[in-house]
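All residue numbers for the sequence shown refer to the UniProt record's numbering, where the first residue is 1 and numbers rise by one. Data first, discussion second: the structure below is written as structure tokens.
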Amino acid sequence: MAGLCEGGNEPPGSLKDNKIFLNKERVQQRRVLTEEKLDEVGARLGHSPCKSLRRLAQEVNIFKTSAYVAAKLLKLKPYRLTVVHGL
């Protein structure tokens, strides 16, 4: 009994038969943060560092991951204040 991993038993239309599909390159558009967006992110995080990245992304009109990358490029870290009760 032949195993499933052995060659030659591929159904027609499988990925190995579709050489056009395998040779096709992915075209991905790269979007970069502009200097204006970086300046705006820096100004907003400098003004209120307790702001979440989600809110920051909404205000600057960029994606959340772009806001994260911009904050990392500017070496800024948004933070939340935590209250510690003394005993």
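The beta carbon of each residue, even a glycine, is placed where N, CA and C say it ideally should be.
Query raised in the report: Is the Cβ-Cβ distance between Lys-64 and Leu-53 less than 7 Å?
Result: For the purposes of this step, residue 64 is taken as the residue at position 64 of the sequence shown. For the purposes of this step, residue 53 is taken as the residue at position 53 of the sequence shown. Against a cut-off of 7 Å, the Cβ pair of Leu-53 and Lys-64 comes out as a contact.
Query raised in the report: Exposed or buried, which one is Leu-45 when buried takes at least 16 other CB atoms within 10 Å?
Result: The residue labelled residue 45 in the question sits at position 45 within the sequence shown. With 16 or more other Cβ atoms within 10 Å, it is buried.
**Report entry** Identity of the residue in His-85, Glu-40, Lys-72 and Glu-35 nearest Gln-58 by Cα
**Finding:** Indexing the sequence shown from 1 puts residue 58 at position 58. Of the listed residues, the one whose Cα sits closest to Gln-58 is Glu-40.
Query - DSSP state of Leu-74 mapped onto helix, strand, coil - result: Counting from 1 along the sequence shown, the entry for residue 74 is found at position 74. Correct three-state label for Leu-74: coil.
Query raised in the report: Thinking C-alpha only, which one of Leu-56, Gly-42, Lys-51 and Glu-35 is nearest Tyr-79?
Result: Translated into positions along the sequence shown, residue 79 becomes position 79. Answer by Cα proximity: Lys-51.
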